[in-house]
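In our numbering, the protein residues as written are 131 to 195.
These notes concern the structure reproduced below.
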Amino acid sequence: MTWEYKIIHFATEVGDEAEYEKRIHEGEHMINKLGTEGWELVGFLPRHTNTEIMRCHAVFKRSLD
């Protein structure tokens, strides 16, 4: 089986609760959309920064067969 991979960047403002919730829901919508396109979420790559922004990359895969 052959796989195709996609990596998506996510960032959220930690200190602003309303903005955080908005971005979480936008991220959820995007993940669900990718799922309908055959992408499977297989992991997260966290990135630590010295700012008030949380960053991570979501890794997806789908079969090319």
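Note that beta-carbon positions come from the ideal geometry of N, C-alpha and C, so glycine has one too.
On a predicted model such as this, the values are computed, not experimentally measured, just so you know.
Nearest by alpha-carbon distance to residue i: which of the options is it?
i      : options                           : result
Ile138 : Ser193, His178 and Trp169         : Trp169
Ala141 : Met131, Trp133, Thr132 and Ile154 : Ile154
Ser193 : Met160, Arg185 and Val172         : Val172
Phe174 : His159, Arg185, Asn162 and Glu156 : Arg185
Ala188 : Trp133, Asp195 and Gly157         : Gly157
Do residue i and residue j have their C-beta atoms closer together than 8 Å?
i      : j      : result
Lys152 : Phe190 : no
Runs of beta strand (DSSP E) lying entirely within the segment 158 to 185, each at least 3 residues, in chain order: 170 to 177
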